[in-house]
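Number of protein chains: 2
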Amino acid sequence: MLLTPGWEANSNEPQYAQLYAYLKKEIAEGKLPENTRLPSVRKLADLLGLSTTPVEMAYQQLLAEGFITSRPRSGYYVEHLPEPEAKPLASQSAAAAVIERPLLRDSRQYEYDFHMSRNDFSLFPYVEWRRLYNQTLVLEQQDDLFFGDPQGEPGLRKQIARYLHQYRGVDCSPNQVVVGSDQFGMLSLLSLILKPEYPQIAVENPGYLLFARTFTHHGFEVKPVPLEYDGIDIGELHRSGARLAVVSPSHQYPRGMIMPISKRLQLLDWAKTVDGYILEDDYDGEFRYHGRPIPSLQGLLPKANVIYMGSFAQVVAPALCIWYMVLPESLLDRYYALVSETLLEQSASRLHQRTLETFMEKGLLEKHLRKMRSLYRKKHDESIRAVHEHFGDRAVLYGKDAGFHLLLRVDSPYTEQEMRELAIQAKVRISPASFTWIQPPAETHKEFFLGFAGIPLEKIEPGIRALAAAWLH
Amino acid sequence: MLLTPGWEANSNEPQYAQLYAYLKKEIAEGKLPENTRLPSVRKLADLLGLSTTPVEMAYQQLLAEGFITSRPRSGYYVEHLPEPEAKPLASQSAAAAVIERPLLRDSRQYEYDFHMSRNDFSLFPYVEWRRLYNQTLVLEQQDDLFFGDPQGEPGLRKQIARYLHQYRGVDCSPNQVVVGSDQFGMLSLLSLILKPEYPQIAVENPGYLLFARTFTHHGFEVKPVPLEYDGIDIGELHRSGARLAVVSPSHQYPRGMIMPISKRLQLLDWAKTVDGYILEDDYDGEFRYHGRPIPSLQGLLPKANVIYMGSFAQVVAPALCIWYMVLPESLLDRYYALVSETLLEQSASRLHQRTLETFMEKGLLEKHLRKMRSLYRKKHDESIRAVHEHFGDRAVLYGKDAGFHLLLRVDSPYTEQEMRELAIQAKVRISPASFTWIQPPAETHKEFFLGFAGIPLEKIEPGIRALAAAWLH
DNA sequence: ATGGATTTGTCCGTATGTATG
DNA sequence: TCATACATACGGACAAATCCA
Chain G
4 MLLTPGWEAN
14 SNEPQYAQLY
24 AYLKKEIAEG
34 KLPENTRLPS
44 VRKLADLLGL
54 STTPVEMAYQ
64 QLLAEGFITS
74 RPRSGYYVEH
84 LPEPEAKPLA
94 SQSAAAAVIE
104 RPLLRDSRQY
114 EYDFHMSRND
124 FSLFPYVEWR
134 RLYNQTLVLE
144 QQDDLFFGDP
154 QGEPGLRKQI
164 ARYLHQYRGV
174 DCSPNQVVVG
184 SDQFGMLSLL
194 SLILKPEYPQ
204 IAVENPGYLL
214 FARTFTHHGF
224 EVKPVPLEYD
234 GIDIGELHRS
244 GARLAVVSPS
254 HQYPRGMIMP
264 ISKRLQLLDW
274 AKTVDGYILE
284 DDYDGEFRYH
294 GRPIPSLQGL
304 LPKANVIYMG
314 SFAQVVAPAL
324 CIWYMVLPES
334 LLDRYYALVS
344 ETLLEQSASR
354 LHQRTLETFM
364 EKGLLEKHLR
374 KMRSLYRKKH
384 DESIRAVHEH
394 FGDRAVLYGK
404 DAGFHLLLRV
414 DSPYTEQEMR
424 ELAIQAKVRI
434 SPASFTWIQP
444 PAETHKEFFL
454 GFAGIPLEKI
464 EPGIRALAAA
474 WLH
Chain F
4 MLLTPGWEAN
14 SNEPQYAQLY
24 AYLKKEIAEG
34 KLPENTRLPS
44 VRKLADLLGL
54 STTPVEMAYQ
64 QLLAEGFITS
74 RPRSGYYVEH
84 LPEPEAKPLA
94 SQSAAAAVIE
104 RPLLRDSRQY
114 EYDFHMSRND
124 FSLFPYVEWR
134 RLYNQTLVLE
144 QQDDLFFGDP
154 QGEPGLRKQI
164 ARYLHQYRGV
174 DCSPNQVVVG
184 SDQFGMLSLL
194 SLILKPEYPQ
204 IAVENPGYLL
214 FARTFTHHGF
224 EVKPVPLEYD
234 GIDIGELHRS
244 GARLAVVSPS
254 HQYPRGMIMP
264 ISKRLQLLDW
274 AKTVDGYILE
284 DDYDGEFRYH
294 GRPIPSLQGL
304 LPKANVIYMG
314 SFAQVVAPAL
324 CIWYMVLPES
334 LLDRYYALVS
344 ETLLEQSASR
354 LHQRTLETFM
364 EKGLLEKHLR
374 KMRSLYRKKH
384 DESIRAVHEH
394 FGDRAVLYGK
404 DAGFHLLLRV
414 DSPYTEQEMR
424 ELAIQAKVRI
434 SPASFTWIQP
444 PAETHKEFFL
454 GFAGIPLEKI
464 EPGIRALAAA
474 WLH
């Protein structure tokens, strides 16, 4: 059996490995049937002109994987394999059939990119961040390479609590802050905590689809609640029967309205009444361009039934993958129970957490935030100016003075689909807002997201001019 | 009303902010009731000895937050606030009641730390990693700061596919590889994909509790299936009725057995028969100390119904937070559907992904892995030697030759609880294995995890000597 | 049936070429 | 450049199983 030529030739592979592979194949293909006794180590070594070691190593490996058994001082015997000939073992070099993944990101080349959630990284503090990261990753602090606090680094949570208090009026202690790497993960956590007691959740319609979709997938019954001019319809919210609600009070997505204080109090009152919770989505709360930031809903009343959620994606960079939420004290017990039951580990890199902590501690975040706000304000103002100049009274803008996009309602003779194609022809990247409806109304307007954060300042005016030329007639 | 003294004194706060805060407080406390007309901008500015600008800014801010409304050419009027006196607004400096979190990590000081899943970072390639990270984070590659591919960076996925093929015998293309930041997140993803069709899941008993617990929380019915001497009981698996199973074939957790090839084939056959999936947990597959690594179950047969899961936590460091799984092609459609429906973003830092990609590309991972394997082998061998020396025939070791821990079964006159306390008194950190039972059997042995990876080599022998002295009599 | 010779798995010390630092 | 470490391969030693006169 073993004198098959050719297996000794390629000498870059060690002998024992070649012998192992050969025997494995013979057994798998049934050429060496069950209970066959293999030649003894010495015999085979002699036969092959080798020492016993490589033969022994090959046998040991087959033994570890269960192809053969050893009866000491008797011999090695082939094990029983179920249905050997029906199932050839996979060749190591089998070429996997290539399945093409669907196109998830639009990678076409545009001259003017008004995509709604792009960032401008020209002002990113590269030097400082590299320096702080390098200071974090040193031999003397080996522990930072290990698993950290599942809730997030204590020092970072302290900084976040301080920052949120100062910039967003959030009222919390560091042990209410939970750090994570992404929104999906945090929502999964929340789902596991809340689902048993709160199987329904109300969302704004129109609103950020991620919430509706993610909670649906987690088994919640999602109740779309219509917006009024000043935010979610509290009456409808009561009638929905839900005891959970996701809202974006500081700058509603997508329509950009600020929820007035009276409605905020009604909303908090609703949560108390139904003994439920509000999930406050504060994705762009720091970015308000005229006047001070709108303080968060969370800090409006003490012990409010609010879960506050935010991230450093916009303030620093998405690639850090650091998100946070602030849990009300009434949910902490359930959170800790989940952590210990599921052996949950922190998902945001400890190195980045520690780097960010120092970054904040040294006041660099405030400094960077000021620069970014100023840059985005310029782009915001220029966008509005350019729309007025080129669209005149053929367009209305919603959601001004904050965030990273404007909502542009256009009076155009074309359909939305036609407008999309015309924009592409004009090399302008811009998304319609129609997809933000969970339940579309009978009549929709032609509305588009004009994202101004990612596009260079000097391209705003020509981009909008190109859009107006394409759409108006 | 406005001549309240004291509000002008502290001049580090801008005037408009002071005015805004003062008016907000007055309104919230009901001292300025609904529909009260505020003084006009000019009047108030005169009264306070200010220009109109700060007054107007304060009014604009109150307006934006909905405390007041503007009637053009008439004046600003206080809005209706529900139940004002019943709910005082939260003081900005309210001291939140401090809820103590439960002690999740044992932080006592031990002389000998045999905790099962610690790492040794003395050989971490600090210099190389810093260098590669710094090369990744540069102005010229701004895009790396933005959101990346939700599935993981294509370059990294390519490297992972290559690496898994070479080191673990995994047979896949890069588009079957899904990157994530943590195990919980990946399991959440899988749960959403699989739960509708596969509401039950079988787990090894004893086994890694994380799986049982996490899937239970995600609404699965978890079926514990007993182990045989060579791995999960296939007959019981059939009888469980489940069509999903989590197994660790290369090095079972916690008992360390290697699933032999015949059982592997039976297991794959089971998956085909019930048209289900095996989740292969390969948490330490790279670390085999004598002989070659055991190839993965995933690559044993072409197109096997196996989801393979691994991470860089052990090979590089947990703090990177980079995990991966390899999906069978039959699940790719469902995965992509979920990604686009829930607007899923990648949770592992793009900067770390890119750094790791280069790290692998340059062959540094292989190099580092060799070093780590060698280091851990020394500790592994020394642990076995020391146990033989100090325990003699009073202890048996399971799960040798691989991974990061040994299972130590001790013949001791003490109960498990007494042994735990004796270990602590001897300044030894060691965990019992009893908690790995999902359903504990009638009779359990006194078994402990002897984690050897994290403890310094020279502390192994004295640590085990101390243990033997404490436990034996 | 038996005792000695042989065969066998297993263990161990050593040598060599290559890669590493 | 040189010293070291490592994977691989070699040959021998031991004791138990097997075989045979």
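Protein chains in written order, with this note's numbering: chain G, 4 to 476; chain F, 4 to 476. Cβ coordinates follow ideal geometry from the N, Cα and C atoms, glycine included.
Exposed or buried, what is residue i when buried is set at 16 or more other beta-carbons lying within 10 Å of its beta-carbon?
i, result
"Gln95 (chain F)", "Here Gln95 (chain F) scores only 39 on pLDDT, less than 50, and its place in the model should not be relied on; the value that follows carries that caveat. Its Cβ having fewer than 16 others within 10 Å, Gln95 (chain F) is exposed."
"Gly244 (chain F)", "exposed"
"His476 (chain G)", "exposed"
"Glu283 (chain G)", "buried"
"His448 (chain F)", "exposed"
"Ala471 (chain G)", "buried"
"Asp147 (chain F)", "buried"
"Gly366 (chain F)", "exposed"
Would you verify that the beta carbon of residue i is, or is not, closer than 9 Å to some beta carbon of chain F?
i, result
"Met119 (chain G)", "no"
"Tyr129 (chain G)", "yes"
"Glu88 (chain G)", "Annotation note: pLDDT 44 at Glu88 (chain G) (below 50); position unreliable, no value reported."
"His221 (chain G)", "yes"
"Gln18 (chain G)", "no"
"Tyr379 (chain G)", "no"
"Phe70 (chain G)", "yes"
"Tyr113 (chain G)", "no"
Can you tell me where the beta strand (DSSP E) holding residue i begins and where it ends?
i, result
"Phe452 (chain G)", "450–454"
"Lys226 (chain F)", "224–231"
"Ala81 (chain G)", "Going by the sequence as given, residue 81 (chain G) is Val instead of Ala. Note, Val81 (chain G): beta strand (DSSP E), 78–81."
"His408 (chain F)", "408–413"
"Gln203 (chain F)", "203–208"
"Ser314 (chain G)", "309–314"
"Ala340 (chain F)", "It is not in any beta strand (DSSP E) - Ala340 (chain F) instead sits in the alpha helix (DSSP H) that spans 332–344."
"Gly183 (chain G)", "180–183"
"Ser73 (chain G)", "71–74"
Quick one: is residue i near chain G, going by C-beta distance under 9 Å?
i, result
"Asp147 (chain F)", "yes"
"Gln289 (chain F)", "According to the sequence displayed, residue 289 (chain F) carries Glu and not Gln. Output row for Glu289 (chain F): interface = no."
"Leu475 (chain F)", "no"
"Ile467 (chain F)", "no"
"Glu348 (chain F)", "yes"
"Leu460 (chain F)", "no"
Out of the options, state which residue places its alpha-carbon closest to the alpha-carbon of residue i.
i, options, result
"Leu270 (chain G)", "G:Val250, G:Gly402, G:Tyr286, G:Leu192", "G:Val250"
"Gly172 (chain G)", "G:Leu372, G:Ser299, G:Asn122, G:Lys403", "G:Ser299"
"Pro416 (chain F)", "F:Lys365, F:Ala473, F:Phe452, F:Arg74", "F:Ala473"
"Met405 (chain G)", "F:Asp284, F:Leu268, F:Gln64", "The amino acid at residue 405 (chain G) is misidentified as Met; the sequence shows Ala. Selected option, being the one with the closest Cα: F:Gln64."
"Leu159 (chain F)", "F:Phe149, F:Gln145, F:Gln144, F:Ser176", "F:Ser176"
"Gly457 (chain F)", "G:Gln145, G:Pro17, G:Ser120, G:Glu16", "G:Gln145"
"Leu51 (chain G)", "G:Asp152, G:Glu461, G:Leu22, G:Ala31", "G:Leu22"
"Arg246 (chain G)", "G:Glu369, G:Ile281, G:Thr72, G:Gly238", "G:Ile281"
"Asp278 (chain G)", "G:Arg353, G:Pro227, G:Ser333", "G:Ser333"
"Ala20 (chain F)", "F:Thr56, F:Ser253, F:Val182", "F:Thr56"
"Pro199 (chain F)", "F:Glu419, F:His221, F:Phe394", "F:His221"
"Ile237 (chain G)", "G:Met60, G:Phe218, G:Gln203, G:Ala274", "G:Ala274"
"Leu190 (chain G)", "G:Glu224, G:Leu268, G:Met328, G:Asn308", "G:Met328"
"Arg397 (chain F)", "F:Val413, F:Phe451, F:His168, F:Gly454", "F:Val413"
"Val181 (chain F)", "F:Leu368, F:Leu268, F:Leu341", "F:Leu341"
Within the continuous alpha helix (DSSP H) that includes residue i, where are the two ends?
i, result
"Glu283 (chain G)", "Element bounds for Glu283 (chain G): not the alpha helix (DSSP H) but the beta strand (DSSP E), 280–284."
"Val44 (chain G)", "44–51"
* Asked: Is there contact between the region 137–151 of chain F and the region 127–139 of chain G, where contact requires at least three CB pairs shorter than 8 Å?
  -> The region 137–151 of chain F is in contact with the region 127–139 of chain G.
* Asked: Is it true that the region 463–473 of chain G meets the region 417–429 of chain G, where meeting means three or more beta-carbon pairs spaced less than 8 Å apart?
  -> Taking 8 Å as the limit for Cβ pairs, the verdict is that the region 417–429 of chain G does touch the region 463–473 of chain G.
* Asked: Does the pairing of the region 367–382 of chain G with the region 284–299 of chain G give three or more beta-carbon distances under 8 Å?
  -> Flag = yes, the region 367–382 of chain G and the region 284–299 of chain G touch.
* Asked: At a cut of 8 Å, does the region 317–326 of chain F reach the region 332–352 of chain G through at least three beta carbon pairs?
  -> In the pairwise beta carbon analysis, the region 317–326 of chain F is classified as touching the region 332–352 of chain G: at least three pairs are separated by under 8 Å.
* **contact_flag[the region 252–265 of chain F, the region 224–236 of chain F] where n(CB pairs < 8 Å) is 3 or more** => Yes, the region 252–265 of chain F is in contact with the region 224–236 of chain F.
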